[in-house]
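Under my numbering, think of the first position of the sequence shown as 26, with each following residue one higher. Data block below; observations after.
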Amino acid sequence: MLVVMYHYVRDFDPDVPNFKNLTVKDFRRQLSFLDTKYKFLTKESFLESVEKKSSISDGVILTFDDGFKDHYTNVLPILDDLNLWGLFYVASDHYSDKRCLNVHKIHHLLGKYNSTELLNKGLQLVDSSMLNEDTIQDFDEEIYKDQKLSSSEYGFKRLFNYYLKDFYKTQLLNELCKDYFDEHELHSNLYLTKEELVEIEDQGSIIGSHTATHPVLSTLSYENQHREVRDSFSFLDSFLNMDVKSFCYPYGGKSSYNKNTLDVLKDLQVHHSFLVGNSLVTKIESPYELTRVDCNRF
26 MLVVMYHYVR DFDPDVPNFK NLTVKDFRRQ LSFLDTKYKF LTKESFLESV
76 EKKSSISDGV ILTFDDGFKD HYTNVLPILD DLNLWGLFYV ASDHYSDKRC
126 LNVHKIHHLL GKYNSTELLN KGLQLVDSSM LNEDTIQDFD EEIYKDQKLS
176 SSEYGFKRLF NYYLKDFYKT QLLNELCKDY FDEHELHSNL YLTKEELVEI
226 EDQGSIIGSH TATHPVLSTL SYENQHREVR DSFSFLDSFL NMDVKSFCYP
276 YGGKSSYNKN TLDVLKDLQV HHSFLVGNSL VTKIESPYEL TRVDCNRF
């Protein structure tokens, strides 16, 4: 079983010339390649494979992270044309506060502005008391191994996605962003609406949880991890059918979650969850550690 992970699927925008995204044309080309080489797996076959564990069906599953407007405007029409389904993962808190998630502030800052300038500005705002020093070594062993980044892009993403404690991360990113773009305008153009999520579900796809605020879960207590996952599912369940509770870990590497996370998923009766392992699913030892492959590998 090959599970492919997508984020931004959009065409080049001169307003964000450095943006990392897959073009719509290349998305279509990838689907054609995947269909020819592997074929696609039905939703029913996928769910049965997870439940039986011992009998894994061959084929491709498509997953889309972060609940972007791209997934409605660019992805859904193509899936409709090809009679395909997917798993779409949504973080929930931004629907109430209308603030962009920290991870997406980082994407748009780096997409539009010089990464060396951004890193230098960021470092001027940071002191050692703001860092998650106990986990830095674990993160450095796996993060951004498959991404083509300049040293300053790597440094900026590493600092603001992983090294900073959540409180300071939000505080410092807000300080940086106010000098660069209108966050509320970006929010309205970036994320799926509830109505669009309903339409995606009605098309036959699964909407899953990506937590409430998209944190690095392994840096949080059990109680805070539980809140992140519980509140996200509660939000989705308030307007979707949610027949299957599907989840994927923010950031997705092995160091992004821990045993507490797995216990939370079990307690909340989540059906399955995905990490980023860049390998095929050849056996299922745990339904909470299904591996995905980044689309940029194709």
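Using N, Cα and C, we set each Cβ at its ideal position, and we do this for glycine too. Because the structure is a prediction, the values reported are computed rather than measured.
Residue 102 to residue 202 span [Cα, whole Å] | Residue numbering aside, residue 102 sits at position 77 when the sequence shown is read from its first letter. Residue numbering aside, residue 202 sits at position 177 when the sequence shown is read from its first letter. Rounded to the nearest angstrom, the two C-alpha atoms are 33 Å apart.
Are the beta-carbon atoms belonging to residue 265 and residue 309 less than 8 Å from one another?
-> For the purposes of this step, residue 265 is taken as residue 240 along the sequence shown, with counting starting at 1. For the purposes of this step, residue 309 is taken as residue 284 along the sequence shown, with counting starting at 1. In this structure, residue 309 does not lie closer than 8 Å to residue 265 by Cβ.
With distances taken from CA atoms, which of 87, 75 and 67 is nearest residue 53?
-> Counting from 1 along the sequence shown, the entry for residue 53 is found at position 28. Among 87, 75 and 67, the Cα nearest to that of residue 53 is on 87.
Taking residue 217 as the reference, which of 59, 98, 81 and 140 has the closest Cα?
-> By 1-based counting over the sequence shown, the position of residue 217 is 192. When each option's Cα is compared against that of residue 217, the closest is 98.
With respect to the alpha helix (DSSP H) encompassing residue 215, which residues constitute its N-terminal and C-terminal limits?
-> Against the sequence shown, residue 215 aligns to sequence position 190. Per DSSP, residue 215 belongs to the alpha helix (DSSP H) from 208-215.
Quick check: the stretch 182-199 against the stretch 148-157, are there 3 or more CB pairs under 8 Å?
-> yes
Exposed unless 16 or more other CB atoms sit within 10 angstroms - verdict on residue 317 | Here residue 317 refers to the residue found at position 292 when the sequence shown is read from its first residue. That one is buried.
Can you tell me the Cα-Cα spacing of residue 48 and residue 31, whole angstroms?
-> Here residue 48 refers to the residue found at position 23 when the sequence shown is read from its first residue. Here residue 31 refers to the residue found at position 6 when the sequence shown is read from its first residue. Looking at the two C-alpha atoms, the distance is approximately 11 Å.
Terminal residues of the alpha helix (DSSP H) in which residue 141 lies = Along the sequence shown, one-based indexing puts residue 141 at 116. Residue 141 -> alpha helix (DSSP H) spans 140-150.
Find the nearest neighbour of residue 292 within the set 271, 260, 251 and 139, judged by alpha-carbon distance.
-> Counted from its first residue, the sequence shown places residue 292 at position 267. Closest option to residue 292, Cα to Cα, is 251.
Compare the Cα-Cα distances from residue 243 to each of 114, 260, 212 and 275 and report the closest residue.
-> On the sequence shown, residue 243 is found 218 positions in, with the first residue counted as 1. Nearest option by C-alpha distance: 275.
Cβ-Cβ distance between residue 127 and residue 195 below 8 Å | Walking along the sequence shown from the start, residue 127 turns up at place 102. Walking along the sequence shown from the start, residue 195 turns up at place 170. Cβ atoms of residue 127 and residue 195: closer than 8 Å.
Residue 244 - DSSP class collapsed to helix/strand/coil | To locate residue 244, count along the sequence shown from 1; it is residue 219. The answer is helix: DSSP assigns residue 244 an H, G or I state.
Please report how far the alpha carbon of residue 56 lies from the alpha carbon of residue 149, in whole angstroms.
-> Here residue 56 is taken as the residue at index 31 of the sequence shown, counted from 1. Here residue 149 is taken as the residue at index 124 of the sequence shown, counted from 1. Taking the straight line joining both Cα atoms gives about 44 Å.
Please look up how many angstroms separate the CB atoms of residue 223 and residue 281, rounded, as I've assumed it's under 8 Å.
-> Numbered from its first residue, the sequence shown carries residue 223 at position 198. Numbered from its first residue, the sequence shown carries residue 281 at position 256. Actually they do not touch by this definition, with Cβ atoms about 29 Å apart.
Count the CB pairs spanning the stretch 284-303 and the stretch 132-143 that are closer than 8 Å, and state whether there are at least three.
-> no
From the DSSP output, in three-state form, read off residue 26 for me.
-> Along the sequence shown, read from residue 1 onward, the residue named residue 26 stands at position 1. If DSSP states are grouped into helix, strand and coil, residue 26 belongs with coil.
By how many angstroms is the C-alpha of residue 199 removed from the C-alpha of residue 37?
-> The sequence position of residue 37 within the sequence shown is 12, counting from 1. The sequence position of residue 199 within the sequence shown is 174, counting from 1. Taking the straight line from one Cα to the other gives about 26 Å.
Specify the secondary structure class of residue 306 as computed by DSSP and reduced to three states.
-> In the sequence shown, residue 306 corresponds to position 281, counting from 1. Note: residue 306 maps to coil in three-state DSSP.
Residue 131 vs residue 182 beta-carbon contact at 8 Å | One-based indexing of the sequence shown puts residue 131 at position 106. One-based indexing of the sequence shown puts residue 182 at position 157. Yes, these two residues count as a Cβ contact at 8 Å.
Residue range of the unbroken beta strand (DSSP E) whose run includes residue 273 | Residue mapping note: residue 273 aligns to position 248 of the sequence shown, counting from 1. Start and end: 271-273.
Opposite residue 316 in the DSSP bridges: which residues?
-> Start at 1 with the first residue of the sequence shown, and residue 316 comes out as number 291. Partner(s): 300.
How should residue 95 be labelled, buried or exposed, when 16 other C-beta atoms within 10 angstroms of its C-beta is the threshold for buried?
-> Taking the sequence shown and counting its residues from 1, one reaches residue 95 at position 70. When all chains shown are included, residue 95 counts as buried.
Please report how far the alpha carbon of residue 174 lies from the alpha carbon of residue 111, in whole angstroms.
-> Counted from its first residue, the sequence shown places residue 174 at position 149. Counted from its first residue, the sequence shown places residue 111 at position 86. Straight-line Cα distance between these residues: approximately 28 Å.
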